[in-house]
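The sequence shown begins at 2 in the numbering used here and counts up by one. Each remark here refers to the structure printed beneath this line.
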Amino acid sequence: MKKKNNIIFTLILALLLLPVLGWAQPADAVEGSITTTDGEEINILLDYDLEQNVLRGYDLASNRQYAFTPSSVISFQFYDRDLQRQRSFYSLPYRENGQISSLQFFEALVEGPVSLLGREYAVENGNGGTVDPAGRILIPTADLTRWVYFTVSEEQEITPLKLRSRKILSLMETRKDDIKAYIERWELDITFQKDLIKIFSEYNRLLVEES
């Protein structure tokens with residue numbers, strides 16, 4: 002009889018703990034903040050789903066989970082311990098392949114007169130392919146993630162960026178010689194994100210300096 006009571010007690014305890022266990026902190030969740038379209042700022046655990054383009058929030062204190070789409074969020078930020086930098090994302094309208102413009106999350110890698118945006122994709126391709134679902138060329142990074150990049154003009158137009166030296170220099174036509182010298186001096190490689198960020202940061206610095 003005692004053994005039966007122990008089994009019943011164990012089952013009851015498991016049922017009581019089930020909601021808590023179901024909302025346990027995800028392995029990839031990080032502390033961050035969200036600014037909603039209502040103007041509310043929320044500090045919460047964040048988990049960004051790259052494939053679904055959905056941001057999830059977890060409040061362990063109240064045992065609740067939230068899902069945010071680009072239409073309900075202005076921006077969100079968190080500190081990435083792996084990259085050792087603060088990462089900022091914005092919900093921006095983008096027209097892809099002639100489709101109707103829709104809000105999508107973009108990471109702001111460099112902000113300035115000509116901003117650099119990025120989108121990260123989790124890709125598994127047994128053939129080692131380097132093309133995303135939209136057919137754009139992707140740049141391989143570690144852990145099966147791929148990046149595509151975009152520029153934002155002062156007119157707020159988002160344009161895909163082809164990672165070719167000639168294309169990037171033509172984009173920076175007004176300071177092309179300065180940027181070319183900068184790349185050569187520091188031996189930068191545009192296929193590395195950290196170098197691409199340095200190049201765009203320098204270009205924006207020059208534009209601000211001359212304005």
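Just so you know, even glycine gets a beta-carbon here, dropped at the ideal spot from N, CA and C.
Rounded to the nearest angstrom, how far is the Cβ of residue i from that of residue j, given a contact under 8 angstroms?
i           : j           : result
residue 90  : residue 76  : 6 angstroms
residue 121 : residue 146 : 5 angstroms
residue 116 : residue 153 : 4 angstroms
DSSP on residue i, reduced to helix/strand/coil?
i           : result
residue 159 : strand
residue 213 : Look at the range of the chain in this structure, 2 to 212, and you will see that residue 213 is not part of it.
residue 189 : coil
residue 111 : strand
residue 118 : strand
residue 102 : coil
residue 86  : strand
residue 54  : coil
residue 46  : strand
residue 1   : Residue numbering for the chain in the displayed model covers 2 to 212; residue 1 lies beyond these limits and cannot be assessed.
residue 197 : helix
residue 203 : helix
residue 39  : coil
residue 143 : Residue placement at residue 143 is flagged as unreliable, the pLDDT there being 45, under the threshold of 50; the coordinate-derived value follows with that caveat. Residue 143 falls in the coil class under three-state DSSP.
residue 81  : strand
residue 170 : helix
Let me make sure I understand the geometry here. Which of the options has the alpha-carbon closest to that of residue i?
i           : options              : result
residue 205 : 43, 179 and 114      : 114
residue 175 : 92, 210, 105 and 80  : 210
residue 39  : 63, 31 and 71        : 71
residue 163 : 118, 63, 212 and 181 : 118
residue 170 : 65, 148 and 182      : 182
Can you find the residues in the same chain that come closer than 7 angstroms, C-beta to C-beta, to residue i, ignoring five residues on each side of it along the sequence?
i           : result
residue 123 : 51, 52, 145 and 146
residue 87  : 78 and 80
residue 207 : 176 and 179
residue 96  : 102
residue 166 : 191
residue 202 : 111
residue 184 : 200
Suppose the cutoff is 6 angstroms on Cβ atoms and the five residues either side in sequence are ignored; what does the same chain contact list for residue i look like?
i           : result
residue 197 : 191
residue 48  : 27, 29, 30 and 57
residue 36  : 42, 75 and 76
Leaving out five residues on either side along the sequence, give the residues of the same chain with a beta carbon under 8 angstroms from the beta carbon of residue i.
i          : result
residue 83 : none
residue 34 : 42, 43, 44, 45, 77, 78 and 79
Looking at chain B, is there any beta carbon in it that lies within less than 8 angstroms of the beta carbon of residue i?
i           : result
residue 182 : The structure shown contains no chain B; it holds only a single protein chain.
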